[in-house]
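Residue numbers (the numbering used here), protein chains in the order written: chain B, 3 to 155; chain A, 3 to 155.
Don't be surprised by glycine CBs; every beta carbon is placed ideally from N, CA and C.
Everything below concerns the one structure shown next.
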DNA sequence: CAGTTAGTTCTGCAAATACAGAACCATATA
DNA sequence: TATATGGTTCTGTATTTGCAGAACTAACTG
């Protein structure tokens with residue numbers, strides 16, 4: 003598949019988006035490439051060529067993505083190449099995980115509340131309020147997915 | 003205020019938590035300190051001393067936190083020191099912002115769908131499904147806060 | 001005005017990051 | 001067995017990060 007300028011530019015932007023999320027640059031670009039690539043399955047050297055990076059960098063980035071469970075490869079009979087693809091199938095789990103990660107701060111808030119004195123009750127009260135909300139939020143996550151399912155025609 | 007070992011250890015953990023979110027180490031530690039500090043307001047040199055870092059590092063970190071709107075300082079009559087505090091009051095806005103940041107990936111998904119051919123309809127379909135969910139999710143955010151308010155006694 | 005206090009900005013550096021290039025390994029093929 | 005292919009691992013390095021330390025500024029103080 004030949005990438006147009008539009009493809010390349012979109013891959014770059016998807017790359018920086020993921021960089022901001024803490025991933026290393028190339029990992030973000032690879033996610034971008036796997037997203038825009040029409041077949042969805044991209045060979046190792048197609049990645050090397052399209053992104054103009056070294057084999058070693060691609061190898062490490064793919065190892066990382068596979069370890070994180072965001073990417074898998076398949077092989078084809080009589081073809082030693084590996085074809086890499088995103089695990090888009092798991093978006094529900096991934097999204098749920100991300101939401102729970104955010105709510106993880108509740109643990110810290112609660113520990114903070116244990117440690118704090120009564121010297122600043124207003125502060126404590128707001129923290130308690132936030133913690134309560136985070137607990138509520140976590141409980142609401144499953145029903146969110148259910149409601150989405152229902153409202154789908 | 004004198005910090006116990008428990009305080010210090012909690013500050014460290016809050017620090018690494020924020021590091022994982024992309025912040026620089028000291029910024030995370032300062033958030034931790036401002037959280038566990040009983041008065042809630044901490045002077046510049048209390049930060050320097052408690053975290054054993056240089057004035058320049060603290061100055062830069064505080065500038066960053068203020069720019070991000072996560073921290074403010076107040077002064078006291080006849081006292082030239084600045085007392086820094088977290089803006090815990092804004093936790094609703096902040097949390098809402100974080101949720102919307104996650105959902106920001108919808109823009110990219112939609113652009114990807116525009117660019118993609120029909121060669122892999124299954125992939126496209128899953129992406130479309132994800133995008134629809136993100137749209138649904140964004141719409142649900144305000145009602146989430148409302149429901150929290152209602153279920154509070 | 002000299003000295004002090006509170007904080008900022010500038011300069012430099014040690015450590016971490018992200019990658020290139022080469023050597024390497026494993027499997028397939030001639 | 002020699003050679004090619006596909007990918008990994010190792011080594012080195014340019015760049016970036018995160019901070020220290022010193023110089024600096026601004027306001028107050030005697």
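- Neighbours of residue 8/A in chain B, taken as residues whose beta carbon is under 7 Å from its own, are 117 in chain order.
- For residue 91/B, the secondary structure class from DSSP, reduced to helix, strand or coil, is helix.
- Of all residues in the segment 27-49 of chain A, the ones placed with a Cβ closer than 9 Å to any Cβ belonging to chain B are 34, 37, 38, 39, 40, 41, 42, 43, in chain order.
- When C-beta atoms of the segment 14-21 of chain A are compared with those of the segment 95-105 of chain B, fewer than three pairs fall below 8 Å, so the two segments do not count as touching.
- With respect to residue 33/A, residue 115/A sits apart: the two C-beta atoms are not nearer than 8 Å.
- Against chain B, the CB of residue 86/A has no partner CB under 8 Å away; the residue lies outside that interface.
- Per DSSP, the continuous beta strand (DSSP E) segment holding residue 78/A begins and ends at 73-78.
- The beta carbon of residue 140/A lies closer than 6 Å to those of 105 in the same chain, with the five residues before and after it left out.
- Contact note: residue 91/B reaches chain A through 128, using a C-beta cutoff of 7 Å and chain order.
- Per DSSP, reduced to three states, the secondary structure at residue 54/A is coil, with no helix or strand assignment.
- With fewer than 16 other Cβ atoms inside 10 Å of its own Cβ, residue 145/B counts as exposed.
- Three or more beta-carbon pairs drawn from the segment 38-52 of chain B and the segment 74-92 of chain B are found closer than 8 Å, and the two stretches are therefore classed as touching.
- DSSP places residue 130/A within a helical segment (H, G or I) once states are collapsed to three.
- Legend: CB atoms of the segment 59-72 of chain A lying less than 9 Å from CB atoms of chain B are not found in any residue.
- The segment 20-35 of chain A makes contact with the segment 50-67 of chain A; the number of CB pairs closer than 8 Å reaches 3 or more.
- If you ignore the 5 residues before and after residue 94/B, its C-beta comes within less than 7 Å of the C-beta of 147, all in its own chain and listed in chain order.
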